[in-house]
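Chemist: In this note's numbering, each residue carries its 1-based index in the sequence shown increased by 67. Every residue gets a Cβ at the ideal spot worked out from N, C-alpha and C, and that includes glycine. Before anything else, here's the structure in question.
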Amino acid sequence: MSDPHSPRLPDREDKRTFLQKLAEFIHPGPDSTAELIETLAEAQENKIIGAESRAMLEGVIRMADLTAGDVMVPATQMDMVDICESSDALMHGVIDTAHSRFPVFEGERENIIGILMAKDLLKLQRAPELNIRALLRPVVFVPESKGLNDLLREFQSNRNHVAIVIDEFGRVAGLVTIEDVLEEIVGEIEDEFDIADDEGDIFGLPDRTYRVSGDTPIERVDDAFDVKLISTDPDDEFATIGGLIAHEMGHVPKRGERHTMSGLNFVVLHTKGGAVKWFKVSPVANAPV
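This is how it looks when you write it as structure tokens:
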């Protein structure tokens, strides 16, 4: 039985100095996200953190308010694979789009039955008799309202890097990848298909398409493809192909978006700082220029 007269244990000792307590009283900590971001700006000005660290920390803070629906690729822009396609047609589609993962559907696009990894197609080269269904990975479905913090944790725990986003009615709304989530923290991530800025502006690819830098002068694109690219608004003049295509589309293009103009197909491969960095360009078959 405890001694009722035993001395009371002292409360946890507050080791802050008087000056620290006074400083916190005069300058209390941030009470909102906006104040926290302002504090990071002050920390950078005081050289406590660098610009890159500040940008990443701000990305982490803002990501808490974002959902899968905010960063997904809309369903209308998803590159998908039809399970009923021949192996050759399927292979050409994968090469043309240059993605690493593809939703696979059967019958209609809403009926997604699996995820195909582009690297798994190499197995068909060694074993052509292999059924494509055997290569499919399970599909992960998430609601549009799924928070990015929770989604990132799920990607990490199940080692899955792509999810299909479903709207409130159960329809396919889009697709989100772990790269889409991480880019909210670290900014645009360049992949193995990206080319350094100092390596030129137009490149021929093995599939007879071309990779064109967004800041390529329009005159150079005209000469390279023997076309005449002109804005639909004669009063507007543009110096680069990226500026012209963005104007014609009526908004800042996003990765995966497509636009056809003057007999050329333009697919946005990479964006940075609100501008297109790289297009994939191919002539439209039998189209007049």
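Taking contact to mean 3 or more Cβ pairs, one atom from each stretch, closer than 8 Å, check whether the segment 308 to 328 and the segment 271 to 282 are in contact.
Modeler: Segments in contact, yes.
Chemist: Thinking C-alpha only, which one of M316, A108, H159 is nearest D274?
Modeler: If you number the sequence shown from 1, residue 274 lands on position 207. The shortest Cα separation from D274 among M316, A108, H159 belongs to H159.
Chemist: Could you compute how far the alpha carbon of A342 sits from the alpha carbon of H314?
Modeler: Working through the sequence shown from its first residue, we reach residue 342 at position 275. Working through the sequence shown from its first residue, we reach residue 314 at position 247. Whole-angstrom Cα-Cα distance: 11 Å.
Chemist: Mind checking who D149 pairs with in its DSSP beta bridge?
Modeler: If you number the sequence shown from 1, residue 149 lands on position 82. BP columns for D149 point to F172.
Chemist: Take S196 as the anchor and find which of R220, S154, K186 has the nearest alpha-carbon.
Modeler: Within the sequence shown, the letter at position 129 stands for residue 196. Looking at the sequence shown, residue 196 is not Ser but Glu. Closest option to E196, Cα to Cα, is S154.
Chemist: Tell whether a beta-carbon distance below 9 Å holds between V206 and I245.
Modeler: Against the sequence shown, residue 206 aligns to sequence position 139. Against the sequence shown, residue 245 aligns to sequence position 178. Result no, Cβ atoms of V206 and I245 do not sit closer than 9 Å.
Chemist: Would you check if there are 3 or more beta carbon pairs closer than 8 Å linking the segment 139 to 148 to the segment 224 to 243?
Modeler: Touching, per the Cβ criterion.
Chemist: Of the choices A101, D300, H318, whose alpha-carbon is the least far from that of T338?
Modeler: Position 271 of the sequence shown, counted from the first residue, corresponds to residue 338. T338 has its Cα closest to that of H318, out of A101, D300, H318.
Chemist: Taking Cβ positions, are A131 and N216 nearer each other than 9 Å?
Modeler: On the sequence shown, residue 131 is found 64 positions in, with the first residue counted as 1. On the sequence shown, residue 216 is found 149 positions in, with the first residue counted as 1. It is a contact, given that the beta carbons lie within the stated cut-off.
Chemist: CA-CA distance, L219 and V248?
Modeler: Taking the first residue of the sequence shown as position 1, residue 219 is located at position 152. Taking the first residue of the sequence shown as position 1, residue 248 is located at position 181. Approximately 7 Å between the Cα atoms of the pair.
Chemist: Whose CA, out of F208, G237, R238, lies closest to the CA of G225?
Modeler: Residue 225 sits at position 158 when you count from the first residue of the sequence shown. Here the sequence assigns Asn to residue 225, which means Gly is not the residue at that position. Comparing Cα-Cα distances from N225 to each of F208, G237, R238, the minimum goes to F208.
Chemist: Which residues in the same chain have their Cβ closer than 8 Å to the Cβ of E152, if we skip the five residues on either side of it in sequence?
Modeler: As a position in the sequence shown, residue 152 is number 85, starting the count at 1. Cβ neighbours of E152 beyond the five flanking positions: G160.
Chemist: When you compare the CB positions of V232 and E211, do they come within less than 9 Å of one another, or not?
Modeler: The sequence position of residue 232 within the sequence shown is 165, counting from 1. The sequence position of residue 211 within the sequence shown is 144, counting from 1. For V232 and E211, yes; Cβs fall inside 9 Å.
Chemist: Given that a residue counts as buried once 16 or more other Cβ atoms are within 10 Å of its Cβ, and exposed if not, what is D268?
Modeler: Along the sequence shown, one-based indexing puts residue 268 at 201. Classification for D268: buried.
Chemist: Pull up the CB-CB distance for L331 and F292, whole angstroms please, since I reckon it's below 8 Å.
Modeler: Indexing the sequence shown from 1 puts residue 331 at position 264. Indexing the sequence shown from 1 puts residue 292 at position 225. Their Cβ separation, rounded to whole angstroms, is 6 Å, which keeps L331 and F292 in contact under 8 Å.
Chemist: What residues match up with T338 in a beta bridge as DSSP calls it?
Modeler: Here residue 338 corresponds to residue number 271 of the sequence shown, with the count starting at 1. According to DSSP, T338 bridges with V343.
Chemist: Taking the continuous beta strand (DSSP E) assigned at L124, which residues delimit it?
Modeler: Within the sequence shown, residue 124 is the residue found at index 57, counting from 1. Not the beta strand (DSSP E): L124 falls in the alpha helix (DSSP H), residues 118 to 130.
Chemist: Assuming R278 and K347 form a contact by the criterion Cβ under 8 Å, report the distance between their Cβ atoms to the nearest whole angstrom.
Modeler: In the sequence shown, counting from the first residue as 1, residue 278 sits at position 211. In the sequence shown, counting from the first residue as 1, residue 347 sits at position 280. With a Cβ gap of about 6 Å, R278 and K347 count as contacting.
Chemist: Of the choices E175, G174, V148, E173, whose alpha-carbon is the least far from that of I162?
Modeler: Counting from 1 along the sequence shown, the entry for residue 162 is found at position 95. The option with the nearest alpha carbon to I162 is V148.
Chemist: Rounded to whole angstroms, what is the Cα-Cα separation between V171 and G117?
Modeler: Taking the first residue of the sequence shown as 1, we reach residue 171 at position 104. Taking the first residue of the sequence shown as 1, we reach residue 117 at position 50. In a straight line, the C-alpha of V171 is about 43 Å away from that of G117.
Chemist: Any idea what DSSP makes of L89, helix, strand or coil?
Modeler: Locating residue 89 in the sequence shown gives position 22, where the first residue counts as 1. Caution is warranted here: a pLDDT of 49 is assigned to L89, below 50, making its placement in the model unreliable, and the coordinate value is therefore given only provisionally. Of the three classes helix, strand and coil, the one that applies to L89 here is helix, per DSSP.
Chemist: Can you tell me whether E196 is helix, strand or coil according to DSSP?
Modeler: Numbered from its first residue, the sequence shown carries residue 196 at position 129. Of the three classes helix, strand and coil, the one that applies to E196 here is coil, per DSSP.
Chemist: To the nearest angstrom, how far is it from the Cα of L203 to the Cα of D289?
Modeler: Within the sequence shown, the letter at position 136 stands for residue 203. Within the sequence shown, the letter at position 222 stands for residue 289. Each residue's Cα considered, the two are about 42 Å apart.
Chemist: So the alpha helix (DSSP H) G214 belongs to, where does it begin and stop?
Modeler: The residue labelled residue 214 in the question sits at position 147 within the sequence shown. Note, G214: premise wrong, no alpha helix (DSSP H); not H, not E.
Chemist: Of the residues I150, Q111, V229, which one's Cα is nearest the Cα of G174?
Modeler: In the sequence shown, the residue the question calls residue 174 occupies position 107. The shortest C-alpha separation from G174 is found at I150.
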